[in-house]
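There are 2 protein chains.
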Amino acid sequence: MKRKITLKHIARELGVSISTVSKALKNSEEIGRDTKEKIQAFAKLYNYKPNNIAISLKNKRTKNIGVIIPDIVHHFFTTVFRGIEKYANAKGYNVIVCVSDESFDKEVINMELLANGSIDGFIMALSAGTQLKNDYNHLKEVTAQGIPLVLFDRVTPEIKCDKVVIDDKKGAYNAVTTFIREGRKKIALITTKDYFSVSRDRAAGYREALLDNDLEINEDLILEFPSMEVDEKGIEEFFTNKKVDAVLSVNEIFAIHSMRFVQSLGIKIPEDISFIGFTDGLLSKYSTPGLTAVAQHGEDMGKIAAEMLIEKVESEEEEETYTTKVLEPTLIVRGSTGN
Amino acid sequence: MKRKITLKHIARELGVSISTVSKALKNSEEIGRDTKEKIQAFAKLYNYKPNNIAISLKNKRTKNIGVIIPDIVHHFFTTVFRGIEKYANAKGYNVIVCVSDESFDKEVINMELLANGSIDGFIMALSAGTQLKNDYNHLKEVTAQGIPLVLFDRVTPEIKCDKVVIDDKKGAYNAVTTFIREGRKKIALITTKDYFSVSRDRAAGYREALLDNDLEINEDLILEFPSMEVDEKGIEEFFTNKKVDAVLSVNEIFAIHSMRFVQSLGIKIPEDISFIGFTDGLLSKYSTPGLTAVAQHGEDMGKIAAEMLIEKVESEEEEETYTTKVLEPTLIVRGSTGN
């Protein structure tokens, strides 16, 4: 049995990136003629066929769903996974999960691996690397071949498919409004670089809530990290140097570490400073005080994504319409706010 | 291109379990003659070949490593994954992770999916379902075909392969000895059913430490749950009805929920009761008080597993020898012990 050649093999053989190979095979203008010809010749020589199996299997269901998540450390993705799994299992589907580890290359490799006939469709949240690169050719290839795809949480307008998201902007807006109602004036935001679609939306909600309440936006009070990894030193420096009375954090680990650090300085929560964090994981529940959280309803999100996907998988319709479902965020009030 | 038939397809078509199919194809005595003949005939008809691709690829490396972990909720497995990944990436390998979700069937499906030529070898921890079923045919198949396999943390003597484990018994023994040195007498154990190899070893360490210190083993003080999922009610009932002054827990979430509950009853930690939990995750660090923890050195474990696997993958030797590396547990002392 001959081994199937993949984008990854071509990239490795020719010493170029997977993204370059993908673009070259689509005849993209972005790639130089020489490189393009070399890649196309190589692909022809080795009989590269994008997902040829998937096509032949159009009517042979595997009853497997492929899920690609960016990260296995964050509780949110694991709750979405549970939601997908509960619904899918009840419908007789197995769920296979791969982790892109926030890397574009790994996302592509995982998709290729699963798109070889092992699954009926994909549910995924985009990796940081993919959002940073803004390259969605691997997704376009999959959808072009008729493999159903549902994006959740981290999505892009570049891809036409079903999507399910939380209203991140509103979640942030409501959190900041809560602070303002408590009389807070110096409201900080701890976030990540805005190539994360969710961070961009949350930052927009933060800014809008301040402006709507005639508070100035002070860029010094916005602490931006390159990734979702906690940078303990960065957090400690921020709270040593800035005077703030409220903090909205785009993830719970940033918030929890911040709370821990300000408490060590003798600052009282919520008397002196209050905290709200996305996305209501175990740390929010078990910290002291508990962290008031913007719940993202991961399990519901997963259930809806699975519903949308299975409907597409089982549909006989040729004509496709796509829906984006937007869930409402909820504020779970705990001891880190109110005074 | 013809689709490869898998154990799963056969099982579904004939309405039997994957385990039955696997055993029937091995001509196992455990399966009735009728069923065996039916399965063997079906496999022959559809030309079932176990991992035929893997054999033909013996000398064609994919530079991918397949990792199968039981769970994505527990911090420990994610730290092992990070350790594997760091070492493997430095050596030019990609890591693909699948999650068995503690299910035997999913473990088999994931292995089949990855063993089709996508990876050079496996690193895995056994699912609860597999340990409960005590059925390792899917692993035997993979190793029989020369695909290198390293088991970590949850292992079995049934499979000849490289292994890396922590000395769980010693970890528990040292924890209980710490309690006894503090003068604790009524030492509880919160654990899971002993088909989890790690829980069995930890319970053995708990018992041995009590006996070595002339303390009686009181079975009433051993709280056993069917899975690693936290059962809040079960925990609350236990602490409402039993008088204990120290608690060893086989995972941090059992310990954290217990601490939370006893604090709500006005019981003081560590004055009235002290706590130690496996395996030093984020909750242990950020709870109040911090949870004294038996660290399992997940990242080291992952690094060693990746080292062992890559050595086997790249080795030209035909003769195989297998090693089991045993890591020493470390006690990370925090506020939940000492008085």
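Taken in sequence, the protein lines are chains A and B. The numbering used here puts the first sequence at residues 120 to 458. The numbering used here puts the second sequence at residues 120 to 458. By construction, the Cβ of each residue, glycine as well, lies at the ideal position given by its N, Cα and C atoms.
Proximity to residue i [Cα-Cα], best of the options
| i | options | result |
| --- | --- | --- |
| Glu447/B | Gln415/B, Leu401/B, Glu436/B, Thr181/B | Gln415/B |
| Lys516/B | Asn208/B, Arg131/B, Glu132/B, Tyr167/B | For residue 516/B there is no data in the structure shown, the boundaries of chain B being 120 and 458. |
| Met347/B | His376/B, Asp331/B, Ser455/B | His376/B |
| Asn256/B | Ile266/B, Pro189/B, Ser141/B, Leu330/B | Ser141/B |
| Glu231/A | Arg152/A, Met378/A, Ile137/A | Ile137/A |
| Thr449/B | Ala291/B, Lys304/B, Ala424/B | Ala291/B |
| Thr181/A | Leu164/A, Asp239/A, Glu148/A, Asn229/A | Asp239/A |
| Lys67/B | Ala143/B, Glu356/B, Glu149/B | Residue 67/B is absent from the model: chain B starts at 120 and stops at 458. |
| Lys304/B | Asn332/B, Gly134/B, Glu430/B | Asn332/B |
| Asp286/B | Arg300/B, Met420/B, Val363/B | Met420/B |
| Gln250/B | Lys444/B, Val363/B, Asp224/B | Asp224/B |
| Gly205/B | Glu430/B, Ala424/B, Tyr165/B | In the sequence under discussion, the amino acid at residue 205/B is Lys, which differs from the Gly named in the question. Here the closest residue by C-alpha is Ala424/B. |
| Tyr212/B | Glu436/B, Ile429/B, Glu435/B, Val445/B | Ile429/B |
| Glu433/A | Asp190/A, Glu149/A, Ala207/A, Val413/A | Ala207/A |
| Glu439/A | Gly265/A, Tyr314/A, Asn337/A | Gly265/A |
| His193/B | Glu390/B, Val349/B, Pro389/B, Pro408/B | Val349/B |
| Lys387/A | Ile336/A, Thr407/A, Glu149/A, Asn337/A | Thr407/A |
| Glu327/B | Ala209/B, Lys289/B, Leu133/B, Ser383/B | Lys289/B |
| Thr293/B | Glu435/B, Leu164/B, Ser383/B, Val413/B | In the sequence as displayed, the identity of residue 293/B is Asn instead of Thr. Nearest C-alpha to Asn293/B: Val413/B. |
DSSP beta-bridge partners of residue i
| i | result |
| --- | --- |
| Gly185/A | Ile215/A, Phe241/A |
| Gly396/A | Ser368/A, Ala412/A |
| Asp281/B | Val269/B |
| Thr125/A | According to DSSP, which records beta bridges pairwise, Thr125/A is partnered with nothing at all. |
| Phe344/A | Thr311/A |
| Leu402/A | Paired residue(s): none; Leu402/A is not in a bridge. |
| Lys444/B | Val283/B |
| Ile388/B | Ile388/B is not bridged to any residue. |
| Leu450/B | Val413/B |
| Ile306/A | Ala365/A |
Beta-carbon gap between residue i and residue j smaller than 8 Å
| i | j | result |
| --- | --- | --- |
| Thr310/B | Ser393/B | no |
| Ser222/A | Arg273/A | no |
| Lys312/A | Leu340/A | no |
| Ile187/A | Ser237/A | no |
| Arg453/B | Thr411/B | yes |
| Gly202/A | Gly385/A | no |
| Phe380/B | Phe344/B | no |
| Ala322/A | Leu308/A | yes |
| Phe298/A | Ala365/A | yes |
| Tyr405/B | Leu402/A | yes |
| Gly400/A | Phe200/A | no |
| Ile278/B | Lys259/B | yes |
| Pro276/A | Lys431/A | no |
| Val135/A | Val284/A | no |
| Leu329/B | Val363/B | no |
| Val261/A | Ala234/A | yes |
| Thr197/A | Ile372/B | no |
| Ala263/A | Pro189/A | no |
Sequence-distant residues of the same chain with beta carbon closer than 6 Å to residue i, five excluded per side
| i | result |
| --- | --- |
| Ile215/A | Asn183, Gly185 |
| Ser368/B | Ile309, Ala374, Gly396 |
| Lys422/A | Gly202, Tyr206 |
Same chain only: Cβ atoms within 8 Å of residue i, ignoring 5 sequence neighbours per side
| i | result |
| --- | --- |
| Met120/B | Note that Met120/B scores 28 on pLDDT, short of 50, meaning its location in the model is unreliable and no value can be drawn from it. |
| Thr442/B | Asp281, Lys282, Met427 |
| Arg319/B | Asp313 |
| Arg300/A | none |
| Gly353/A | Leu342, Phe344 |
Other residues of its chain near residue i: CB distance less than 7 Å, five sequence neighbours each side excluded
| i | result |
| --- | --- |
| Leu126/A | Ile137, Val140, Ser141, Val227, Glu231 |
| Ile129/B | Val140, Ile158, Phe161, Ala162, Tyr167 |
| Glu149/A | Lys142 |
| Asn229/A | Ile187, Cys217, Ser219 |
| Lys210/A | Ile429 |
Please list, in chain order, the residues of the stretch 331-361 of chain A that have any C-beta partner in chain B closer than 7 Å.
none
Can you pull out the residues from the stretch 235-260 of chain A whose beta carbon lies closer than 7 Å to at least one beta carbon of chain B?
Gly236, Ser237
Interface residues of the stretch 391-409 of chain A facing chain B [CB-CB below 8 Å]:
For the stretch 391-409 of chain A, which is checked against every Cβ of chain B, the residues closer than 8 Å are Leu401, Leu402, Tyr405, Ser406, Thr407.
Interfacial residues, the stretch 268-284 of chain B to chain A, with Cβ spacing under 7 Å:
none
Give, in chain order, every residue of the stretch 202-216 of chain B whose Cβ lies closer than 9 Å to some Cβ of chain A.
Glu204, Asn213, Val214, Ile215, Val216
Against chain C, which members of the stretch 218-230 of chain B pass a CB distance test of less than 8 Å?
Going by chain labels, chain C is absent from the structure shown, which instead holds the protein chains A and B.
Members of the stretch 440-458 of chain B that neighbour chain A once the beta carbon cut-off is set at 8 Å:
none
With 7 Å as the C-beta to C-beta threshold (strictly closer), list the residues of the stretch 185-203 of chain A near chain B in chain order.
From the stretch 185-203 of chain A, only Ile191, Val192, Thr197, Phe200 have a Cβ closer than 7 Å to chain B.
So if I threshold CB-CB distances at 9 Å, which residues from the stretch 363-375 of chain B count as touching chain A?
Ile372, Ile375
For the stretch 414-431 of chain B, list every residue whose C-beta sits within 9 Å of some C-beta in chain A, in sequence order.
none
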